[in-house]
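Data block below; observations after.
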Amino acid sequence: MLPWKSIITISKKSPRAVYLQIADAIVDEILSGRVPQSHKMPGTRLLALELNLNRKTVATAYDELLAQGWLEIIPSRGTFVKKSLPVVKQQPIQIKLQNTPGRFIENLASLPFMANPERTQPKNCIDDGSPDYRLAPIDSLLKTARSISKGSIGRSVLLNSSSFGDITLRKTLASYLSTTRALNGTEENILITRGSQMAIYLLSTTLFRPGDNVIVGKLNYKYADQIFEAQGVNLIKVPVNKSGLDINALEKVCTEKKVRAVYISPHHHYPTTVTMPAENRMKLLALANQHDFAIIEDDYDYDYHYSGSPILPLASLDKSGNVIYIGSFSKILVPSIRIGYVFAHPRVTGELAKLRRMIDKQGDPIMERSLAELIRENEVQRCLKKAVTAYKERRDYFCTSLSSGLGNLIKFDIPDGGMAIWATFAPGILVKDLVVQAEKNGLRLNIDPERTPHSCRFGFASTNLGELQTNLALLIKTVKESY
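Under this note's numbering, think of the first position of the sequence shown as 94, with each following residue one higher.
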């Protein structure tokens, strides 16, 4: 039976009689083709029960429809939509919602941010720095996941979960981080999350209270700022220069106010891609010890460095437990596979696990165990090596093409690592206008046009050289048209 309770909406305040409202609704469904010719109508008793009305009211509505010629009675069979009515093209059933929402909606806590709209990735697109899923070990990951789920250990993985994350991945990750980042700890120092975004949220909710002072870069990861602001903290934005956060400006704030934490991405600052030098890292650690604030180190793309070895994280130099390190495998795999982690003092990870249990009780144990297997088999490391080679080649081609194609219309430094450049355009070229003009030229710019008027972050890693050539030609054309 059709969902008549949702289709027929009765208003007690309407001047139109209830039986006529029922008749009107049925006629609407017939005219829209959703109730076709010869459709058998429910009995008056059943429909009355569905609508919570008196059976006589429904019977009167049917009598009205019979009199108007919309329905007919076939003896011993029931009441039907009249067979002789014209055929109407059938349309989807539309549920009629109440015009007035529940009163609770008026009191919703509305955040001052817009949700990300769902958008498909077009063929010609330049993003703000994403990996190329074609270089990731996705097939191996999924094959391993199937093997684990069907194998002898599948039952224990699926049933024995923890809000800290899969124990095998945590142990494997402890060894991996010690080898690759000089982070010496055990599984007790590690909490698995669904990407770095969850890690930032958990830390913000656990560490901060409304009114706390948190230092970030004037140019910073937008979604981290939004999470902190939603927690009610006081964001103090310090300048960003060629060495990342301005340490002198940061020190000045610390002498004037009590600072709860500093959020930083020192390896490749987001969005400008600059790397914080060793002397600034040492000074920041000293300030944290002196003024007793936490350092949240978001190392979102540590593995992609093209000029020698990556600089070791701040957390590897920390002797006082002030640094909380965030990492993610979403930049190694694909953004839609959400596996990240927090490396911190066990007391911190213990508190985070309590909160995580409230919003995501057990994560994705099969995928986490599968990732552990790929790390233990060096599959992740092999794929990373290939990706670094490919991304370096794409970076060089991207930067050379932009320089030769746009000349003085664009300025940027070639980054030592990462998957994007930070570009500044000549005066008169607005990023928001580039986005609009690029769309007209068949190029999608998945960038943030509101960060700064003349600067933006362009990613080069997610497309191969052939795709880059096409996209760059469209971008260069767009910039010249916008000048």
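Backbone N, C-alpha and C fix where the C-beta goes; we use that ideal spot for every residue, glycine too.
- Judged by DSSP secondary structure, tryptophan 163 falls outside any beta strand (DSSP E); it is assigned neither H nor E.
- Just measuring C-alpha positions, the residue of Lys98, Ile166, Lys264, Thr298 sitting nearest lysine 447 is Thr298.
- Taken in chain order, the complete beta strand (DSSP E) segments of 3 or more residues contained in the stretch 492 to 574 are 503 to 505, 513 to 518, 548 to 552.
- Membership of glycine 420 in any alpha helix (DSSP H) is not indicated; the residue belongs instead to the beta strand (DSSP E) covering 416 to 421.
- DSSP links threonine 172 through a beta bridge to Ile166.
- For phenylalanine 436, the uninterrupted beta strand (DSSP E) run begins and ends at 433 to 436, by DSSP.
- Leucine 328 has Val307 as its beta-bridge partners, per DSSP.
- With contacts defined as CB atoms closer than 8 Å, isoleucine 389 and isoleucine 419 qualify as a contacting pair.
- Two segments are said to touch when three or more pairs of C-beta atoms, one from each, lie closer than 8 Å; by this definition the stretch 341 to 358 does not touch the stretch 499 to 515.
- Following the DSSP letters along the chain, one finds valine 441 in no beta strand (DSSP E) but inside the alpha helix (DSSP H) bounded by residues 439 to 452.
- Taking C-alpha positions only, cysteine 492 is separated from phenylalanine 553 by approximately 9 Å.
- Distance from leucine 159 to isoleucine 166 at the Cβ level is roughly 7 Å; contact confirmed, criterion being Cβ atoms closer than 8 Å.
- The stretch 270 to 286 makes contact with the stretch 430 to 446; the number of CB pairs closer than 8 Å reaches 3 or more.
- Look at asparagine 313 here: in three-state DSSP terms it is coil, with no helix or strand label.
- For aspartate 392, no alpha helix (DSSP H) encloses it, and the DSSP letter there is neither H nor E.
- For valine 427, the secondary structure class from DSSP, reduced to helix, strand or coil, is coil.
- Threonine 286 has Gly433 as its beta-bridge partners, per DSSP.
- The C-beta distance from lysine 98 to leucine 144 rounds to 6 Å, short enough to meet the 8 Å contact threshold.
- In this structure, the CA atom of isoleucine 100 is about 15 Å from the CA atom of leucine 113.
- Shortest Cα-Cα distance from arginine 544 to any of Arg227, Val174, Lys315, Ser256 involves Lys315.
- For tyrosine 356, the pairing in a beta bridge is given by DSSP as Ile389.
- In the DSSP assignment, asparagine 145 falls outside any alpha helix (DSSP H) and carries neither an H nor an E.
- In terms of Cα proximity to glycine 162, the closest of Arg138, Pro135, Ser555, Gln130 is Gln130.
- In the same chain as leucine 558, and ignoring 5 residues on each side of it, the C-beta atoms closer than 8 Å to its own belong to Glu486, Arg487, Tyr490, in chain order.
- The continuous alpha helix (DSSP H) containing histidine 384 extends over residues 371 to 384.
- By alpha-carbon distance to glutamine 324, the top candidate from Asn313, Gly304, Leu312 is Gly304.
- For valine 333, the pairing in a beta bridge is given by DSSP as Leu338.
- Listed in chain order, the non-local C-beta contacts of isoleucine 293 below 6 Å within the same chain comprise Ala317, Ile320, local neighbours out to five positions each way being set aside.
- Within the same chain, and ignoring the five residues on either side of alanine 229 in sequence, the residues whose Cβ sits closer than 7 Å to its Cβ are Ile425, Leu426, Val427, Cys476.
- When DSSP states are grouped into helix, strand and coil, isoleucine 404 belongs to the coil group.
- Exclusion of the five residues before and after lysine 176 leaves Gln130, Ser131, Glu165 as the residues of its chain whose Cβ lies within less than 8 Å of its Cβ.
- Counting only residues of its own chain and dropping the five nearest sequence neighbours on each side, arginine 109 has a CB closer than 8 Å to the CB of Asp117.
- Cβ neighbours of leucine 536 within its own chain (closer than 8 Å, five residues either side excluded): Asn217, Cys218, Ile219, Asn564, Leu567, Leu568, Thr571.
- Distance check between leucine 178 and each of Pro215, Met134, Asp225, Ile123 places Ile123 closest, using alpha-carbon atoms only.
- A check of alpha carbon separations from leucine 234 across Asp156, Phe422, Ser402 identifies Phe422 as the nearest.
- Between the alpha carbons of threonine 365 and alanine 513 lies a gap of roughly 9 Å.
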